[in-house]
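Asker: Start counting the sequence shown at 1; every next residue gets the next number (UniProt numbering).
Heads up, the beta-carbon is just placed ideally off N, CA and C, and yes, glycines get one too.
Since the structure is predicted, the reported quantities are computational estimates derived from the model, not experimental observations.
For reference, the structure I am asking about is given below.
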Amino acid sequence: MADKKTDDNNQLTPLHYLMWFRRDLRIDDNTALSALCDKAQKDRAHVSAVFFMTPKQWQQHDTAVTQVDFIARRLPHLAQALKDKLNITLTVAVCDTFDDCAEILTQLCIDTDVTCVMANHEYEENEINRDTQLIANLAEHNISVIRHHDQCVLPPASITTGEGTMYKVFTPFYKKWQQHLDVSPMSCHSPTLVNENTPAPVTSLAEALTKKVTHADSKSSIDTLTKDIVNAYQDDWQKRDALKHINIAEQLARTRDNYPADMDAPEARLHDFISDDIDDYDTHRDTPHSHATSRLSAYLTTGMISPRRCYLAAIEHLERKRSNKDSDETDITRWCSELAWRDFYRHVLCDKPELIRHEAYNKKLDKAVDWSYDEDDFAAWCCGRTGVPLVDAAMRCLNATGFMHNRLRMVVAMFLTKDLLIDWRWGETYFVQNLIDGDFVSNNGGWQWSASTGTDSAPYFRIMNPFSQGKSHDKDALFIKKWLPELADVPADVLHSEAKLNKAFGDKDKEEKKKDKNKQKDKKQDNPYYDIDYPAPIVDHKAARKDTIATFKDSK
Ligand code: FAD
Numbered sequence: 001m002a003d004k005k006t007d008d009n010n011q012l013t014p015l016h017y018l019m020w021f022r023r024d025l026r027i028d029d030n031t032a033l034s035a036l037c038d039k040a041q042k043d044r045a046h047v048s049a050v051f052f053m054t055p056k057q058w059q060q061h062d063t064a065v066t067q068v069d070f071i072a073r074r075l076p077h078l079a080q081a082l083k084d085k086l087n088i089t090l091t092v093a094v095c096d097t098f099d100d101c102a103e104i105l106t107q108l109c110i111d112t113d114v115t116c117v118m119a120n121h122e123y124e125e126n127e128i129n130r131d132t133q134l135i136a137n138l139a140e141h142n143i144s145v146i147r148h149h150d151q152c153v154l155p156p157a158s159i160t161t162g163e164g165t166m167y168k169v170f171t172p173f174y175k176k177w178q179q180h181l182d183v184s185p186m187s188c189h190s191p192t193l194v195n196e197n198t199p200a201p202v203t204s205l206a207e208a209l210t211k212k213v214t215h216a217d218s219k220s221s222i223d224t225l226t227k228d229i230v231n232a233y234q235d236d237w238q239k240r241d242a243l244k245h246i247n248i249a250e251q252l253a254r255t256r257d258n259y260p261a262d263m264d265a266p267e268a269r270l271h272d273f274i275s276d277d278i279d280d281y282d283t284h285r286d287t288p289h290s291h292a293t294s295r296l297s298a299y300l301t302t303g304m305i306s307p308r309r310c311y312l313a314a315i316e317h318l319e320r321k322r323s324n325k326d327s328d329e330t331d332i333t334r335w336c337s338e339l340a341w342r343d344f345y346r347h348v349l350c351d352k353p354e355l356i357r358h359e360a361y362n363k364k365l366d367k368a369v370d371w372s373y374d375e376d377d378f379a380a381w382c383c384g385r386t387g388v389p390l391v392d393a394a395m396r397c398l399n400a401t402g403f404m405h406n407r408l409r410m411v412v413a414m415f416l417t418k419d420l421l422i423d424w425r426w427g428e429t430y431f432v433q434n435l436i437d438g439d440f441v442s443n444n445g446g447w448q449w450s451a452s453t454g455t456d457s458a459p460y461f462r463i464m465n466p467f468s469q470g471k472s473h474d475k476d477a478l479f480i481k482k483w484l485p486e487l488a489d490v491p492a493d494v495l496h497s498e499a500k501l502n503k504a505f506g507d508k509d510k511e512e513k514k515k516d517k518n519k520q521k522d523k524k525q526d527n528p529y530y531d532i533d534y535p536a537p538i539v540d541h542k543a544a545r546k547d548t549i550a551t552f553k554d555s556k
């Protein structure tokens, strides 16, 4: 590809390169950005940057409002930091779908004499199709597109079996992943200043976009534009009947408090986690009430922090401990193994792209199971009204905060797929609609793990008992009572026992009895929880477990 261009008068036009930001909204340790800045310095090229907001596409993907808002809040900060640190102007443009995006980007490159576009790989099917289309469009104009692997600690296809195939099971994958990192340690790169003494392009991105699409290219104008997009997105999202029970204003207010989007926020969170919590991670990570995990997932999903940075910070901490003769490494290595799970699912997706179409990894088993599509059961699960306190508390926490603890994700996913036998795809979609960290790959991996249709997933006969999970991980029911205030006066031993819950709340014909004043009085004397508006468990766990195991067994 030619890197130099001449205009109509045979004058050399300044070289112009373009950084296309996607789910990599950071400057530090951004592989494509660093590579582009290096190349630009060598070639004396000018660098511009672009980000496309694609609200219609996000709607089709069911992206949560909180995540759209999180990205929107980040963009003005990213624009300012790019200007201050690298002298690069970020232009934020709005186009509906990925198809529009490929078309507009092609024209933009032509109009502004861009000869090289740099970006980081995205692994989902629509994104791959968009990139393939764009690469073909741009090749016709002699414009190169260079993509880098950046989303994982180690890139897809780098960890394979002796036969060169993808691992189906996590443990050997993790061993090899760890070995690889021991032998070839990584480092993180920061890009260096560009656009100094480099002539700017004749036409800027903003000039080329004028009259074509809505756009902005200063901190304050990006702030205004992104807020407008979030408001419109929120209005559309709220029109969905299935999400009417969610107070979106509350969800947004909480995520804005809990997830600051300024440039320093992810690094500060990583630092706090390493200083305060990582040394107890293995002990406390399964206790939802204790806030013992990093809560970095939303930053990793949107690329506001690099997974390599997270891994290296943990390893540096490990080295410090070793030099202080502290030999307990379990907590740190456990946390690193979670980053490896994130890599594992991405590597699996690259090996089996059809997963993106919500196809199961184990298609045969998935097809053979007679999944339920009972809308009432599903609505009870979504709203946190199943009568199973840990499940309901977890769902109400998700609905209110846009986040759910990992242990609870497993519990509610297993309950939906194994106790209610509802198709895992319904739960998968509901999660993405509400999670600020909603990420197709990890979410699909987690759901298929729970439904036993995935790679290295929970064996179908190992079904979590949501009552004993409550007893083990929320012994005093602190988490349950926080999210189900109506149960504040019910003792933990009742909340963790299916039989006691049935006794307390199982009066199915309560309404009838209410009419009969005498019977109601008797009932109140027998049952102190009679007046509490909380349902009895909607399913008998033991019976459901037995039926589900039989269904899966027959399906095999
Ligand atoms: P930590 O415990 O501090 O872990 C550090 C990082 O490791 C996380 O931020 C995350 O990036 C990664 N990680 C941890 N556990 C897993 C895992 N099981 N699989 C893949 N990566 C992991 N994670 C998402 O980021 N987005 C999702 O949409 C998502 N959906 C899930 C759905 C289900 C049904 C299940 C069981 C898990 C899902 N997870 C998802 C994985 C996990 O629950 C979250 O990453 C974790 O709860 C985030 O909290 P944290 O950042 O405090 O994690």
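Would the beta-carbon of residue 413 be found less than 8 Å away from any heavy atom of ligand 1?
Answerer: As a working note, residue 413 is residue 413 in the sequence shown. Checking the Cβ of residue 413 against ligand 1 gives yes.
Asker: Can you tell me whether residue 401 is helix, strand or coil according to DSSP?
Answerer: Looking up residue 401 in the sequence shown gives position 401. Three-state DSSP puts residue 401 in a helix.
Asker: Between the Cα of residue 497 and the Cα atoms of 226, 489, 469, which residue gives the shortest distance?
Answerer: Against the sequence shown, residue 497 aligns to sequence position 497. Nearest of 226, 489, 469 to residue 497, Cα basis: 469.
Asker: When DSSP builds the beta bridges, which residues end up paired with residue 144?
Answerer: The residue you call residue 144 lines up with position 144 of the sequence shown. 116, per the DSSP bridge assignment.
Asker: Heavy atom of ligand 1 less than 8 Å from the Cβ of residue 445, yes or no?
Answerer: To locate residue 445, count along the sequence shown from 1; it is residue 445. The answer is yes for residue 445.
Asker: Closer than 8 Å to a non-hydrogen atom of ligand 1 - does that hold for the CB of residue 502?
Answerer: Start at 1 with the first residue of the sequence shown, and residue 502 comes out as number 502. False, no ligand heavy atom lies under 8 Å from that Cβ.
Asker: Could you work out which residue in 412, 150, 347 is closest to residue 28 when comparing CA atoms only?
Answerer: In the sequence shown, residue 28 corresponds to position 28, counting from 1. When only C-alpha atoms are compared, the closest one is 150.
Asker: With three or more C-beta pairs closer than 8 Å as the rule, is the stretch 399-414 touching the stretch 381-390?
Answerer: Contact between the stretch 381-390 and the stretch 399-414 is present, because at least three Cβ pairs lie under 8 Å.
Asker: My output table needs one value for residue 560: the three-state DSSP class, helix, strand or coil.
Answerer: Beyond the ends of the chain as shown, which are 1 and 556, falls residue 560; an answer cannot be given.
Asker: For residue 47, does the three-state DSSP call read helix, strand or coil?
Answerer: Sequence index remark: in the sequence shown, residue 47 carries index 47 (1-based). In this structure, residue 47 counts as strand in the three-state DSSP scheme.
Asker: In the DSSP assignment, the beta strand (DSSP E) including residue 17 goes from what residue to what residue?
Answerer: Here residue 17 refers to the residue found at position 17 of the sequence shown. Residue 17 -> beta strand (DSSP E) spans 16-21.
Asker: Considering just the uninterrupted stretch of the alpha helix (DSSP H) at residue 558, what are its terminal residues?
Answerer: With the chain covering only 1 through 556, there is no way to say anything about residue 558.
Asker: Contact between the stretch 126-144 and the stretch 87-102 is defined here as three or more beta-carbon pairs at a separation below 8 Å; is this criterion met?
Answerer: The answer is yes - the stretch 87-102 touches the stretch 126-144, with three or more Cβ pairs under 8 Å.
Asker: Since residue 249 is in the alpha helix (DSSP H), which residue starts that stretch and which ends it?
Answerer: On the sequence shown, residue 249 is found 249 positions in, with the first residue counted as 1. Start and end: 248-258.
Asker: State the DSSP-derived secondary structure class of residue 414, mapped to helix, strand or coil.
Answerer: Residue numbering aside, residue 414 sits at position 414 when the sequence shown is read from its first letter. Three-state DSSP puts residue 414 in a helix.
Asker: Just to confirm the assignment, what range does the beta strand (DSSP E) spanning residue 348 have?
Answerer: The residue labelled residue 348 in the question sits at position 348 within the sequence shown. Premise fails: residue 348 lies in the alpha helix (DSSP H), 330-351, not in any beta strand (DSSP E).
Asker: Going along the chain, which residues of its own chain have a beta-carbon closer than 7 Å to the beta-carbon of residue 303, five neighbours each way excluded?
Answerer: By one-based count along the sequence shown, residue 303 stands at place 303. Result list for residue 303: 23, 24, 25, 26, in chain order.
Asker: Please report the straight-line C-alpha distance between residue 429 and residue 62, rounded to a whole angstrom.
Answerer: On the sequence shown, residue 429 is found 429 positions in, with the first residue counted as 1. On the sequence shown, residue 62 is found 62 positions in, with the first residue counted as 1. The straight-line gap from Cα to Cα measures roughly 7 Å.
Asker: For residue 108, I'd like the list of residues in its chain whose CB is within less than 6 Å of its CB, leaving aside the five on either flank, ordered along the chain.
Answerer: Position 108 of the sequence shown holds residue 108. So the list reads 208, once near-sequence residues are dropped.
Asker: Give me the DSSP bridge partner(s) of residue 135.
Answerer: Locating residue 135 in the sequence shown gives position 135, where the first residue counts as 1. None; residue 135 has no bridge partner.
Asker: So residue 226 packs on residue 72, CB below 8 Å; how close in whole Å?
Answerer: Here residue 226 is taken as the residue at index 226 of the sequence shown, counted from 1. Here residue 72 is taken as the residue at index 72 of the sequence shown, counted from 1. Indeed they touch by this definition, with Cβ atoms about 4 Å apart.
Asker: Nearest-angstrom Cα distance between residue 336 and residue 311?
Answerer: The residue you call residue 336 lines up with position 336 of the sequence shown. The residue you call residue 311 lines up with position 311 of the sequence shown. Residue 336 and residue 311: Cα-Cα distance of roughly 6 Å.
Asker: Please work out which residues of its chain come closer than 6 Å, Cβ to Cβ, to residue 460, disregarding the five sequence neighbours upstream and downstream, and give them in chain order.
Answerer: Counting from 1 along the sequence shown, the entry for residue 460 is found at position 460. These residues qualify, in order along the chain: 452, 552.
Asker: Under the rule that 16 or more other beta-carbon atoms within 10 Å means buried, what is residue 322, buried or exposed?
Answerer: Mapped onto the sequence shown, residue 322 falls at position 322. By the 10 Å Cβ count, residue 322 comes out exposed.
Asker: Please report how far the alpha carbon of residue 487 lies from the alpha carbon of residue 542, in whole angstroms.
Answerer: Numbered from its first residue, the sequence shown carries residue 487 at position 487. Numbered from its first residue, the sequence shown carries residue 542 at position 542. Whole-angstrom Cα-Cα distance: 24 Å.
Asker: Under 8 Å: do the stretch 372-385 and the stretch 463-479 share three or more Cβ pairs, one atom per stretch?
Answerer: With a cut-off of 8 Å, the stretch 463-479 and the stretch 372-385 do not count as touching, because too few Cβ pairs lie within range.
Asker: Please indicate yes or no: does the CB of residue 273 lie closer than 8 Å to some heavy atom of ligand 1?
Answerer: In the sequence shown, counting from the first residue as 1, residue 273 sits at position 273. Because some heavy atom of ligand 1 lies under 8 Å away, the Cβ of residue 273 counts as near it: yes.
Asker: DSSP puts residue 93 in a beta bridge; with which residues?
Answerer: Locating residue 93 in the sequence shown gives position 93, where the first residue counts as 1. Residue 93 is bridged to 52, 215.
Asker: Nearest CA to the CA of residue 555: which residue from 159, 142, 368, 385?
Answerer: Mapped onto the sequence shown, residue 555 falls at position 555. Of 159, 142, 368, 385, the residue nearest in Cα terms is 368.
Asker: So the alpha helix (DSSP H) residue 470 belongs to, where does it begin and stop?
Answerer: Numbered from 1 along the sequence shown, position 470 holds the residue referred to as residue 470. That run of the alpha helix (DSSP H) goes 466-473.
Asker: Let me know the secondary structure DSSP gives residue 422 once reduced to three states.
Answerer: As a first step, residue 422 is located in the sequence shown; it is residue number 422 there, counting from the start. Three-state DSSP puts residue 422 in a strand.
Asker: Can you check DSSP and say which residues form a bridge with residue 557?
Answerer: The chain is shown from 1 up to 556; residue 557 falls before or after that span and cannot be answered.
Asker: Hey, would you say the C-beta of residue 295 is under 8 Å away from at least one heavy atom of ligand 1?
Answerer: On the sequence shown, residue 295 is found 295 positions in, with the first residue counted as 1. Within the cutoff, so yes.
Asker: Can we count residue 123 as close to ligand 1, meaning its CB is less than 8 Å from some heavy atom?
Answerer: What you label residue 123 is simply residue 123 of the sequence shown in a count that begins at 1. Outside the cutoff, so no.
Asker: Among 45, 218, 38, which residue has its Cα nearest to the Cα of residue 84?
Answerer: For this step, residue 84 is matched to residue 84 along the sequence shown. Taking only the C-alpha atoms, the option nearest residue 84 is 218.
Asker: Decide if residue 1 is buried, meaning its Cβ has at least 16 other Cβ atoms within 10 Å, or exposed.
Answerer: Start at 1 with the first residue of the sequence shown, and residue 1 comes out as number 1. Caution is warranted here: a pLDDT of 42 is assigned to residue 1, below 50, making its placement in the model unreliable, and no coordinate value can be reported.
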